[in-house]
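Enquirer: The sequence shown begins at 1 in full-length UniProt numbering and counts up one residue at a time.
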Amino acid sequence: MGALVTSVRQVSAVPELTVDLAAVAANTSRFVSWARGAVMAVVKADGFGHGLGDVARTAVAAGATRVGVTSLDEAVRVRESGVDVPVLSWLNPVDVDVRTAVRCGIDLSVPSLDHLAALHSGVRVHLQLDTGMARDGAAPESWLSLMSAARRAELAGRVSVVGVMGHLPCADTPGANESGTRALLRGVEMARQAGLKPSVRHLAATSAALTDPGTHLDVVRIGAGLVGIDPSGTTRLRPALRWTAPVVQVRRVAAGTGIGYGHAHVTERATTLALLPVGYADGLPRGASGRAEVWLAGRRRPVAGVISMDQAVVDVGDDVVVPGDEAVVFGPGDDGEPTVGDWARWAGTIPHEIVTGIGARVRRCVR
Ligand SMILES: *Cc1c(COP(=O)(O)O)cnc(C)c1O
Numbered sequence: 001m002g003a004l005v006t007s008v009r010q011v012s013a014v015p016e017l018t019v020d021l022a023a024v025a026a027n028t029s030r031f032v033s034w035a036r037g038a039v040m041a042v043v044k045a046d047g048f049g050h051g052l053g054d055v056a057r058t059a060v061a062a063g064a065t066r067v068g069v070t071s072l073d074e075a076v077r078v079r080e081s082g083v084d085v086p087v088l089s090w091l092n093p094v095d096v097d098v099r100t101a102v103r104c105g106i107d108l109s110v111p112s113l114d115h116l117a118a119l120h121s122g123v124r125v126h127l128q129l130d131t132g133m134a135r136d137g138a139a140p141e142s143w144l145s146l147m148s149a150a151r152r153a154e155l156a157g158r159v160s161v162v163g164v165m166g167h168l169p170c171a172d173t174p175g176a177n178e179s180g181t182r183a184l185l186r187g188v189e190m191a192r193q194a195g196l197k198p199s200v201r202h203l204a205a206t207s208a209a210l211t212d213p214g215t216h217l218d219v220v221r222i223g224a225g226l227v228g229i230d231p232s233g234t235t236r237l238r239p240a241l242r243w244t245a246p247v248v249q250v251r252r253v254a255a256g257t258g259i260g261y262g263h264a265h266v267t268e269r270a271t272t273l274a275l276l277p278v279g280y281a282d283g284l285p286r287g288a289s290g291r292a293e294v295w296l297a298g299r300r301r302p303v304a305g306v307i308s309m310d311q312a313v314v315d316v317g318d319d320v321v322v323p324g325d326e327a328v329v330f331g332p333g334d335d336g337e338p339t340v341g342d343w344a345r346w347a348g349t350i351p352h353e354i355v356t357g358i359g360a361r362v363r364r365c366v367r
């Protein structure tokens with residue numbers, strides 16, 4: 001087996017995720033100028049892994065006039081980050097803390113009669129209709145009873161209905177939004193007939209916002225697009241993450257050396273291996289093993305063997321790499337480094353899962 005090459009310089013760096021808020025601002029501006037109505041910045045899941053408060057503040061400064069999240073806890077954190085535009089939380093249990101929502105000025109979605117029954121104190125709500133997902137939102141057969149119950153609750157001062165929302169199941173597919181859009185407009189009409197006066201109708205997320213203006217209505221809810229992900233594949237947005245890791249160890253190995261667990265890769269010839277202190281616990285998808293690459297010493301290099309929980313081995317051939325050298329796991333791709341999209345492809349998933357899966361151990365840094 002190969003000898004350990006001695007460390008020739010101090011390892012100073014640690015794995016680091018850099019968030020480019022200028023990219024978030026630029027992406028936001030594009031949606032603000034394209035959208036027929038307003039832009040709601042969706043910052044759930046820690047702002048798609050980019051930092052909830054940072055993304056919310058940046059998007060609002062760049063023209064988003066609303067913020068959306070799933071849980072009430074996230075909404076409170078948005079408020080605490082200093083954002084003063086309307087904030088909507090759309091995924092909560094029936095016994096959601098209404099008092100906190102009212103105190104922090106947070107709008108809640110109403111996806112069912114049970115949710116509605118638990119609301120009080122005049123909380124602002126958006127009726128959440130299932131427009132084709134069979135997931136969250138009220139099923140069409142319940143809309144009529146939901147609308148009239150909402151009107152009664154409004155007259156009793158328990159809620160104030162300000163919006164009606166839906167979500168599109170197949171927005172990445174051109175021409176697939178018609179039935180969802182019709183459903184939402186039918187729901188809005190039913191709400192008005194029940195005496196409600198919702199002023200914001202919203203349906204589109206990133207894909208539909210980019211490809212189908214007919215879905216824009218009053219507000220588009222943009223999450224992935226803010227951080228540079230375009231699920232529709234039609235638009236070049238600016239990726240906002242760069243993930244680096246220092247080489248912590250280098251060794252020369254002979255031909256026929258099995259690398260890592262299960263010896264999933266065996267070297268064909270003598271080569272140099274560089275060890276990175278990042279693994280699947282940090283969000284490197286183990287399923288990308290055998291295909292993944294990182295940028296190191298001026299070019300892309302294959303990750304050799306199976307990605308471990310805490311570490312990954314990179315094959316640099318006969319090139320010189322020393323401990324302390326910086327590898328780029330992914331970045332915007334401007335210099336040839338792998339992108340989040342590459343990692344998603346190697347792992348058989350979507351970019352959203354990569355950016356929301358970076359572990360807590362990776363140091364965050366904002367610029
Ligand atoms: C996550 C989410 C969005 C944002 O979707 P993107 O495709 O990331 O823009 C919009 N609406 C709802 C209901 C969501 O859950």
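Cβ coordinates follow ideal geometry from the N, Cα and C atoms, glycine included.
Leaving out five residues on either side along the sequence, give the residues of the same chain with a beta carbon under 6 Å from the beta carbon of Asp172.
Expert: If we look at Asp172 and ignore the five residues flanking it on each side, its Cβ neighbours are Ser207, Pro231 and Ser232.
Enquirer: Quick one, which of Arg36, Asp54, Gly37 and Ala25 has its alpha-carbon nearest Cys365's?
Expert: It is Asp54 whose Cα lies nearest to the Cα of Cys365.
Enquirer: Report yes if the C-beta of His352 is less than 8 Å from at least one heavy atom of ligand 1; otherwise report no.
Expert: His352: yes, Cβ under 8 Å from ligand 1.
Enquirer: CB-CB under 7 Å to Arg57, same chain, minus the five flanking residues each way: which ones, in chain order?
Expert: Hits under 7 Å: Ser81, Gly82 and Val83.
Enquirer: Is any non-hydrogen atom of ligand 1 found closer than 8 Å to the C-beta of Asp136, if you look at the structure I gave you?
Expert: Checking the Cβ of Asp136 against ligand 1 gives yes.
Enquirer: Any beta carbon of chain B sitting closer than 9 Å to that of Leu237?
Expert: Here chain B cannot be found, since the structure has a single protein chain.
Enquirer: Let me know if Arg242 comes out buried or exposed under the rule of 16 or more other beta-carbons within 10 Å of its beta-carbon.
Expert: Buried.
Enquirer: Just the C-alpha distance for Arg238 and Pro332, rounded to the nearest angstrom, thanks.
Expert: Distance between the alpha carbons of Arg238 and Pro332 is about 7 Å.
Enquirer: For Arg221 versus Ala204, is the C-beta spacing smaller than 9 Å?
Expert: Contact flag set, yes.
Enquirer: Let's see if you can read the secondary structure: which residues bound the alpha helix (DSSP H) around Met165?
Expert: Element bounds for Met165: not the alpha helix (DSSP H) but the beta strand (DSSP E), Val159 to Met165.
Enquirer: Check whether the region 88-96 touches the region 104-115, taking contact to mean three or more Cβ pairs, one atom from each stretch, closer than 8 Å.
Expert: Result yes; three or more Cβ-Cβ pairs closer than 8 Å.
Enquirer: Between residue 373 and Arg301, is the Cβ-Cβ spacing less than 9 Å?
Expert: Since the first residue shown for the chain is 1 and the last is 367, residue 373 is missing from the structure and cannot be characterised.
Enquirer: Looking at the unbroken beta strand (DSSP E) that takes in Pro40, where does it start and where does it end?
Expert: For the sequence presented, residue 40 should be read as Met rather than Pro. Residues Ala38 to Val42.
Enquirer: Between the Cα of Arg99 and the Cα atoms of Pro111, Leu113 and Asp73, which residue gives the shortest distance?
Expert: Selected option, being the one with the closest Cα: Asp73.
Enquirer: To the nearest angstrom, report how far apart Arg201 and Gly37 are at their CA atoms.
Expert: For Arg201 and Gly37, the distance between alpha carbons rounds to 10 Å.
Enquirer: Go ahead and label Met40 buried or exposed: buried means 16 or more other beta carbons lie within 10 angstroms of its beta carbon, across all protein chains shown.
Expert: Burial call: buried.
Enquirer: Cβ of Val266 within 9 Å of Cβ of Gly290?
Expert: Against a cut-off of 9 Å, the Cβ pair of Gly290 and Val266 comes out as no contact.
Enquirer: CB Val42 to CB Val19, shorter than 9 Å?
Expert: No, Cβ-Cβ distance for Val42 and Val19 is not below 9 Å.
Enquirer: Candidates Gly49, Ala35 and Ser199: which alpha carbon is nearest Ile229's?
Expert: For the residues Gly49, Ala35 and Ser199, the minimum Cα distance to Ile229 belongs to Gly49.
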